[in-house]
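Have a look at the structure below, then the notes.
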Amino acid sequence: MSDLYHTLANSPFSGKLFSMLGLPQPVNLERWKADSQSFIEGDVLVGCAPNSLFLDAVAQQFVGSDATVNFAIEAGNRDFMVSAFEAAGVSAVASNVTESKKYKGLVFDASGIQTSDELIELHRFFHPVIRKMKTSGRIVVIGLTPELCESSKQHTAMRALEGFVRSMGKEVKKGVAVQLVYASSTAAASSLAGPIRFFLSPKAAYVSAQVIRVGEADAVGSDFDWNQPLAGKTALVTGAARGIGKSIAETLSRDGAKVIVLDIPQVEIELEQTAASVSGTAFVGDVTAADTPQRLVELFKGEFSGVDIVVHNAGVTRDKTLGGMPSKLWNMVIDINLSSEERINDALLEAGVINQGGRIIGVSSMAGIAGNFGQTNYACSKAGVVGMVNSLAQPLKEKGITINAVAPGFIETQMTAAIPVTIREVGRRLNSMSQGGKPVDVAEGIAFFASPAASGVTGNTMRVCGQSLLGA
Ligand code: NAD
Numbered sequence: 349m350s351d352l353y354h355t356l357a358n359s360p361f362s363g364k365l366f367s368m369l370g371l372p373q374p375v376n377l378e379r380w381k382a383d384s385q386s387f388i389e390g391d392v393l394v395g396c397a398p399n400s401l402f403l404d405a406v407a408q409q410f411v412g413s414d415a416t417v418n419f420a421i422e423a424g425n426r427d428f429m430v431s432a433f434e435a436a437g438v439s440a441v442a443s444n445v446t447e448s449k450k451y452k453g454l455v456f457d458a459s460g461i462q463t464s465d466e467l468i469e470l471h472r473f474f475h476p477v478i479r480k481m482k483t484s485g486r487i488v489v490i491g492l493t494p495e496l497c498e499s500s501k502q503h504t505a506m507r508a509l510e511g512f513v514r515s516m517g518k519e520v521k522k523g524v525a526v527q528l529v530y531a532s533s534t535a536a537a538s539s540l541a542g543p544i545r546f547f548l549s550p551k552a553a554y555v556s557a558q559v560i561r562v563g564e565a566d567a568v569g570s571d572f573d574w575n576q577p578l579a580g581k582t583a584l585v586t587g588a589a590r591g592i593g594k595s596i597a598e599t600l601s602r603d604g605a606k607v608i609v610l611d612i613p614q615v616e617i618e619l620e621q622t623a624a625s626v627s628g629t630a631f632v633g634d635v636t637a638a639d640t641p642q643r644l645v646e647l648f649k650g651e652f653s654g655v656d657i658v659v660h661n662a663g664v665t666r667d668k669t670l671g672g673m674p675s676k677l678w679n680m681v682i683d684i685n686l687s688s689e690e691r692i693n694d695a696l697l698e699a700g701v702i703n704q705g706g707r708i709i710g711v712s713s714m715a716g717i718a719g720n721f722g723q724t725n726y727a728c729s730k731a732g733v734v735g736m737v738n739s740l741a742q743p744l745k746e747k748g749i750t751i752n753a754v755a756p757g758f759i760e761t762q763m764t765a766a767i768p769v770t771i772r773e774v775g776r777r778l779n780s781m782s783q784g785g786k787p788v789d790v791a792e793g794i795a796f797f798a799s800p801a802a803s804g805v806t807g808n809t810m811r812v813c814g815q816s817l818l819g820a
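To convert a position in the sequence shown, counted from 1, into the working numbering, add 348.
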């Protein structure tokens, strides 16, 4: 559905008026293009606190990229940085950050910060350049996972990074996105490669102020094709006839996966169209039907050699305030959005058809995080998806399977087009990007979790909400 406010804010005449009146000014967010080769292009300023651990891992990501890596000429730990770039084979430029250069990306490794007074390193790095970001710029801060820090002082300082990142996300405008990656002190480049590349790329267009925890990961190998990361993988996407599910199928297919799209008989024609558009297979079925889990097991045992990626996207809303909600609507929403996902997981896992290195990805919602008027059933189901991810992450780790979820905010689909106009306008503007996201933004987040480069990422719920003020 078109966003008239967005169009007016970007037209030469009314855009000036919006600016004079101090109204939110959504920019046209930069998104991944089919012919994109490098995860980021342009000038990227890299820095670190003294004795930080991940600069080598950061530097390695830029080998062969179209980015120009810069470091601040004034940086106190300049020699340390120069040797990290040299070791990675990256020729970095010493930049005078007080000059007028604009940056597409800022990456700061804060893992060396030990105490709260050393948080001044954040100010030292970001203060001179935070107003010099290009449109749709990217900022990534890397810290140590607080719970794994050896001292209480360092735990405190690392936890402080969250407040810093979330506030910076609200200050930067022009579609700039800011993220925090927490890693353990032993994390190698393999753990950080996937998250760093995703967060610096246009694929993270509508993801901001997110905190991702990464653990030990399998290295992807030097022949890994970052533009076809899912080559050879089989993916199941539920609720894929239209909307976000359709976009997930297209995005996973773009990344090389063979896709099986599932939806209910009532939308079989659209489902067949989606399947055809991704050269995939249509599976007509209701996720809540008693025989669906076993039918899926048979499918993956037979025609396919197991399944690598399971995306639980099918979902419905049936809004009523609790006092007026019949139990029928309660049961329907909980069953489609949550219980059926558990039954499908159980059946696929019990039958052993989810392959080694498998991925389960849920679709939660901002409503599940913040709660929403008239949505006790829906928010309950979507908060349950977060619980499912949290509770299964550890047991599935032993099987080499990761489980994560995305939590979309306001995404432009048929679901949100049905919302009354005033509430829809509020939903669109109340986030740091001042606009609704697109289905592809959710799909890109799912493709990130699905990638072999995200093997160290499990138990996370990543909001795709442009840093919505709700539940922030
Ligand atoms: P949509 O209504 O456009 O698509 C949902 C799809 O799920 C439809 O194709 C529908 O036929 C299918 N489906 C419904 N019940 C099913 C069942 N029992 N078995 C199989 N398939 C079934 O919705 P959407 O906006 O694309 O949402 C996709 C997911 O994203 C949902 O889980 C939704 O809750 C979640 N979400 C959407 C938004 C948003 O802003 N659109 C925000 C947060 C979360």
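Cβ atoms here follow ideal geometry from the backbone N, Cα and C, with glycine treated the same way.
Decide if residue i is buried, meaning its Cβ has at least 16 other Cβ atoms within 10 Å, or exposed.
{"i": "Pro674", "result": "exposed"}
{"i": "Val543", "result": "Checking the sequence shown, residue 543 turns out to be Pro, not Val. It is buried - the Cβ of Pro543 has at least 16 other Cβ atoms within 10 Å."}
{"i": "Asn828", "result": "Lying before the first or after the last residue shown, residue 828 is absent from the chain, which here runs from 349 to 820."}
{"i": "Met516", "result": "buried"}
{"i": "Ala435", "result": "exposed"}
{"i": "His475", "result": "exposed"}
{"i": "His471", "result": "exposed"}
{"i": "Gln642", "result": "exposed"}
{"i": "Glu792", "result": "buried"}
{"i": "Asn703", "result": "buried"}
{"i": "Asn376", "result": "exposed"}
{"i": "Arg479", "result": "exposed"}
{"i": "Gly748", "result": "exposed"}
{"i": "Thr823", "result": "The chain is shown from 349 up to 820; residue 823 falls before or after that span and cannot be answered."}
{"i": "Ser359", "result": "exposed"}
{"i": "Asp611", "result": "buried"}
{"i": "Asp566", "result": "exposed"}
{"i": "Pro768", "result": "exposed"}
{"i": "Phe796", "result": "buried"}
{"i": "Ser484", "result": "buried"}
Determine the DSSP secondary structure at residue i, reduced to helix, strand or coil.
{"i": "Lys450", "result": "coil"}
{"i": "Arg379", "result": "coil"}
{"i": "Asp694", "result": "helix"}
{"i": "His660", "result": "strand"}
{"i": "Ala525", "result": "strand"}
{"i": "Ser816", "result": "strand"}
{"i": "Ala357", "result": "helix"}
{"i": "Val455", "result": "strand"}
{"i": "Leu467", "result": "helix"}
{"i": "Gln462", "result": "coil"}
{"i": "Met506", "result": "helix"}
{"i": "Asn703", "result": "strand"}
{"i": "Met673", "result": "coil"}
{"i": "Ser484", "result": "strand"}
{"i": "Asn679", "result": "helix"}
{"i": "Lys668", "result": "coil"}
{"i": "Phe433", "result": "helix"}
{"i": "Phe428", "result": "helix"}
{"i": "Phe797", "result": "helix"}
{"i": "Ser384", "result": "coil"}
So, at 6 Å on beta carbons, what are the nonlocal neighbours of residue i in its own chain, with the 5 sequence-adjacent residues on each side left out?
{"i": "Thr724", "result": "Leu670"}
{"i": "Leu584", "result": "Ile608, Val655 and Val658"}
{"i": "Gly732", "result": "Leu686"}
{"i": "Phe433", "result": "Ala407 and Ala440"}
{"i": "Thr582", "result": "Lys606, Phe652, Val655 and Asp656"}
{"i": "Ser625", "result": "none"}
{"i": "Tyr554", "result": "Gly785, Asp789, Val812 and Gly814"}
{"i": "Asn399", "result": "Gly460"}
{"i": "Gly705", "result": "Gly748"}
Could you tell me which residues DSSP pairs with residue i in its beta bridges?
{"i": "Phe419", "result": "Ala442"}
{"i": "Gly491", "result": "Tyr530"}
{"i": "Asp391", "result": "Thr416"}
{"i": "Gln558", "result": "Gln527"}
{"i": "Met810", "result": "Val754"}
{"i": "Ile709", "result": "Val659 and Asn752"}
{"i": "Cys396", "result": "Asp457"}
Starting from the C-beta of residue i, find all residues in its chain whose C-beta is less than 7 Å away, skip the five residues before and the five after it, and write them out in chain order.
{"i": "Ala357", "result": "Gly363, Phe366, Gln373 and Pro374"}
{"i": "Arg666", "result": "Leu677, Met680, Val681 and Asn725"}
{"i": "Ser688", "result": "Val635 and Thr636"}
Is the beta carbon of residue i within less than 8 Å of some heavy atom of the ligand ZN?
{"i": "Gln762", "result": "As far as ligands go, the structure on display features the ligand NAD and does not contain the ligand ZN."}
Whose C-beta lies closer than 8 Å to the C-beta of residue i among residues of the same chain, with five residues either side of it excluded?
{"i": "Ile751", "result": "Arg707, Ile708, Ile709, Gly710, Met736, Val737, Leu740, Ala741, Leu744, Thr806 and Gly807"}
{"i": "Cys497", "result": "His503 and Met506"}
Contiguous alpha helix (DSSP H) assignments of at least 4 residues, all confined to the stretch 595-664: 616-625 and 640-649
Inside the stretch 560-587 only - beta strand (DSSP E) runs reaching at least 3 residues: 582-586
Unbroken stretches of the beta strand (DSSP E), 3 residues or longer, contained in the stretch 735-784: 750-756
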